[in-house]
Amino acid sequence: MNAETKKRNVIIDCDPGIDDCLALMLALKSPELNILGITTVCGNVPASLGAKNALKILKRCGRLDIPVYVGEEKPLQREYISAQDTHGEDGLGDSGIPEVTETVPFYGAVDFLNRTLAEAERVSVIALGPLTNIALALKKNPESWTYAEAFVSMGGSFKSFGNCSPVAEYNYWCDPHAASYVYRHLPVKTQMIGLDVTRKIVLRPDILEYISQICPEEGEYLRKITRFYFDFHWAQEQVLGCVINDPLAVAYFIDPSLCQGRDMYTDIVTEGIALGQSVCDEMGIWKKEPNSHVLLKTDSVRFMKLFLERIAGAKEPQLSGILKQLYPGETLTGDLSERKGGVG
Ligand code: RIB
Ligand code: CA
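The sequence shown begins at 1 in full-length UniProt numbering and counts up one residue at a time.
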């Protein structure tokens, strides 16, 4: 990134959670981003526990200067159902990473979101969990959100199967009323990074091995927090490794050429058998102005190149050779050095 390319102001709303933590690490190691704050929401783990985990990642990356704000502890209407069966009781794979004692989180995530959107310049929000905080902030002060530069949400599923029901993805299933409110009222298009694209992003054992070879300390840390997730993915879907959904949302914000999609009108089902399903009107049957940009395809090899460069400091020409080993027969399309402007 050259000097004149301005960093993009961003707030990350998340429910850390193992893949949220990998996404935070990617964001913290990406010079394009100026992270104004992290807000946590009830999702994988309760918001207060998520805040403790966010502090652990900030400490690891030497960024305890970034404020963490605890958000909502329950969905707008549904009873709260966590995903600790997938992420561990502690939300970090029961890895026993020590708590941060140097600082504590703040409270008031909703007000932090609205205040920052109104006061700071050109702020984008990347949401990696249920949209409870976002919906409440939007309800409380809709005018703040007219200043939002961009809004990226990891959530939903266009044509892929769900992970909480045959059709519903966890973030929108956990709080469907919040998701529906956001899609219906946000003044900017929601960039929907759904399971259609995130399922292509698998952190495999051989990729972890490469990280351990070139960056032993980071490899050890990632092994520690992903072990539980690997075991869950093997037990559930006989997948070797783990799907890491959230880092793709951050990577897409940094380099939108990583994914391709289409503008559509989307709404979220709030009751019944399809509760939490994201219904994307691909053919414009409802004749409604598109409120979302639904991402349909991604270049998983280029994502992994960015991820390995940022997380483990992988360098060329070694990296291209390793990617050929990791993804035989696939080609690296495009060139990360031709960085396009960010989302928005
Ligand atoms: O369905 C996957 C999403 O739900 C990810 O964001 C994961 O962290 C959980 O929040
Ligand atoms: Ca998440």
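Just so it is clear, CB atoms sit at the ideal spot from N, CA and C, and this is done for glycine as well.
Beta strand (DSSP E) segments (min. 3 residues) lying fully within the stretch 251-324
259-268, 278-281, 292-298
| task | Spell out the partners DSSP gives L203 in its beta bridges. | result | C242
- Cβ pair A109, S124 closer than 8 Å: no
Only counting the same chain, and skipping five residues up and downstream in sequence, which positions put a Cβ closer than 7 Å to that of M25? I57, C61, I311
- Query: Are the stretch 260-278 and the stretch 218-226 touching by the rule of at least three beta carbon pairs closer than 8 Å?
  - Reply: no
S300 burial status per 10 Å Cβ neighbour count (16 or more: buried): buried
| In chain order, what residues of the same chain have a beta carbon less than 6 Å from the beta carbon of A179, not counting five sequence neighbours either side? | L131, Y172, I268
ask   = Looking only at its own chain, which residues have a Cβ that is under 7 Å from the Cβ of K159, when we skip the five neighbours before and after it?
value = D196
Worksheet entry | F112, enclosing alpha helix (DSSP H) - first and last residue | 109-119
Between the beta-carbon of V188 and the beta-carbon of F151, is there less than 8 Å?
yes
Pull up the CB-CB distance for L326 and I207, whole angstroms please, since I reckon it's below 8 Å. For a cut-off of 8 Å, the C-beta gap from L326 to I207 is around 6 Å, short enough to register as a contact.
* How is S48 classed by DSSP in three states: helix, strand or coil? -> helix
Notebook entry, point to check: Secondary structure at N171, three-state DSSP: helix, strand or coil?
Noted result: Assigned with DSSP and collapsed to three states, N171 falls in helix.
Original post:
According to the Cβ coordinates, are H185 and Q77 closer than 8 Å?
Top reply: No, the Cβ-Cβ distance between H185 and Q77 is not below 8 Å.
Query - Test item: CB-CB of L138 and V182 under 8 Å - result: yes
**Item:** G129 in three-state terms, based on DSSP
**Value:** Three-state result, G129: coil.
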